[in-house]
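For the record, in the sequence shown the residue sitting at position 162 is 163 according to this note's numbering, with numbers rising by one throughout. Cβ coordinates follow ideal geometry from the N, Cα and C atoms, glycine included.
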Amino acid sequence: MATKRSYQQYCGLASALDVVGERWTLLIIRELLLGPARYSDVLANLPGIGTNLLAERLKFLVQRGVARQVDLRGTGAQLAYELTPAGEELRPLILGLTRWGMEFVDDLRSEDTLRPQWGFLAAEAMLDPAKVSDRHERYEFRVDDQVFHIEISGGRARGLRGAAVDPVVVAKTDAATFVRIGSGHLTPLLAMLTGHLVLEGDVDAVLRCCELLGLESASSRTVASRAVSARPASSAAAG
């Protein structure tokens, strides 16, 4: 592997950029935020990176202790990459950078690539830590053909891949709608009125979910009042 470039500066920020500042590196870490991912899946979600460059970046992240290789089935037949505890420390930084970058998101173009997990990342980036309730509950997000959820536990909220167990709220939408809501191009209420967003659950639970996503109180109450007041489908029906 080629020698990595270094800023050669005795500074924490420069040292951090020596590890994650190369092109594609933060996007690779983004793909691992929701849990282990196989090499082929990461490659498919990063069109344009090139297989050799991805292999080089992953090898470097493993060497620096940011990521590690895991055996998903314990047989050696399905290897994947996941973030280490050091890599997990990047989560709030990447979410913050995502939130900041929403201000620069333009309209979706025909040449733009979009994945369901990026839409969910937009939702996770909208989370307001000050609005995390002391309840233990889960909100499920069905984005295009994939399912994710936010788990509230111990006063913390975390986004995860896969269906939730007994979700109190189920949101159905597409990736572009989440990005447009996060970037301010579309309000949740208008998304619901046009059928691009469907919320199912108890009104109070929907209200907590909306407030957690940082929506304005008046807007979130209107959205909650329009939600389907029915118990969300279980995770078994979410596949």
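If you run the structure through DSSP and keep just helix, strand and coil, what is residue i?
i           : result
residue 72  : strand
residue 1   : The displayed coordinates of the chain run from 2 to 240. Any statement about residue 1 would go beyond what the structure contains.
residue 264 : Here the chain covers residues 2 to 240 and nothing more, so residue 264 does not appear.
residue 239 : Residue placement at residue 239 is flagged as unreliable, the pLDDT there being 47, under the threshold of 50; the coordinate-derived value follows with that caveat. In this structure, residue 239 counts as coil in the three-state DSSP scheme.
residue 226 : helix
residue 102 : helix
residue 159 : strand
residue 118 : helix
residue 32  : helix
residue 13  : helix
residue 132 : helix
residue 126 : helix
residue 308 : It is not possible to answer for residue 308, since the shown part of the chain is limited to 2 through 240.
residue 3   : Residue placement at residue 3 is flagged as unreliable, the pLDDT there being 47, under the threshold of 50; a coordinate-derived value is accordingly withheld.
Could you check if residue i is buried or exposed, using at least 16 other CB atoms within 10 Å of its CB as the buried criterion?
i           : result
residue 139 : buried
residue 58  : buried
residue 3   : Residue placement at residue 3 cannot be trusted, given a pLDDT of 47 that sits under 50; the coordinates are not used to answer.
residue 12  : exposed
residue 76  : exposed
residue 119 : buried
residue 61  : buried
residue 160 : buried
residue 212 : buried
residue 82  : buried
residue 121 : buried
residue 17  : exposed
residue 142 : buried
residue 115 : exposed
residue 181 : buried
residue 171 : buried
Report the partner residues of residue i according to the DSSP bridge assignment.
i           : result
residue 197 : DSSP, once it has assigned bridges, lists no residue as partnering residue 197.
residue 43  : DSSP output for residue 43 lists no bridge partner at all.
residue 154 : 157
residue 38  : 82
residue 169 : DSSP lists no partner for residue 169.
Does residue i get closer than 8 Å to chain C when you measure Cβ to Cβ?
i          : result
residue 43 : Going by chain labels, chain C is absent from the structure shown, which holds only one protein chain.
List the endpoints of the continuous alpha helix (DSSP H) containing residue i.
i           : result
residue 181 : 176 to 183
residue 212 : 204 to 213
Suppose only complete runs of 3+ residues qualify. What are the beta strand (DSSP E) ranges in the region 49 to 98, listed by chain order? Complete beta strand (DSSP E) runs here, min 3: 68 to 72, 80 to 84.
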